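For the sequence shown, our numbering begins at 505 and goes up steadily by one. Every residue gets a Cβ at the ideal spot worked out from N, C-alpha and C, and that includes glycine. Note that the structure is predicted; figures quoted are calculated from it, not measured.
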Amino acid sequence: MPNVQSVSMILPQQADLFLYDRDVLRHLRTMQLKLPQSNPNDFKGQMQSIKRFFVDGHCKDLEVFEVQFRRSYQAGSSKADLHEIFGEKLRWIEF
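Structure (structure tokens):
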């Protein structure tokens, strides 16, 4: 799996993101998270893990980090946190 370049996950409400082995996704270019029944705020407790995983330089090839979720939720603070981590790589899609 070290050559994986694209990952898409559909997460149920209150799921845990397991991002431990940094070498497994070192060539990751696109990460897509779909949250059909939850909100990015539900994962706020995991922001430090996300930040450690992506900011330490192990995913230097990352081009896009996409989050899709239902528009009915307020998620401004999570968007700000993710933008701090990913900057222009963040794609925020509300449906």
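Measure the alpha-carbon distance for residue i versus residue j and round it to whole angstroms.
i: L521; j: W596; result: 18 Å
i: A584; j: V568; result: 16 Å
i: R574; j: P540; result: 6 Å
i: V559; j: M535; result: 14 Å
i: F557; j: C563; result: 8 Å
i: S512; j: D546; result: 18 Å
Which same chain residues, not among the five before or five after residue i, have their C-beta less than 8 Å away from its C-beta?
i: V508; result: V528, L529, H531 and L532
What's the call for residue i, buried or exposed, on a 16-neighbour Cβ count within 10 Å?
i: I554; result: buried
i: V571; result: buried
i: S581; result: exposed
Report the partner residues of residue i according to the DSSP bridge assignment.
i: F569; result: M535 and L594
i: S512; result: Q536
What does a CB cutoff of less than 6 Å around residue i pick up in its chain, not counting 5 residues either side in sequence?
i: M551; result: D585
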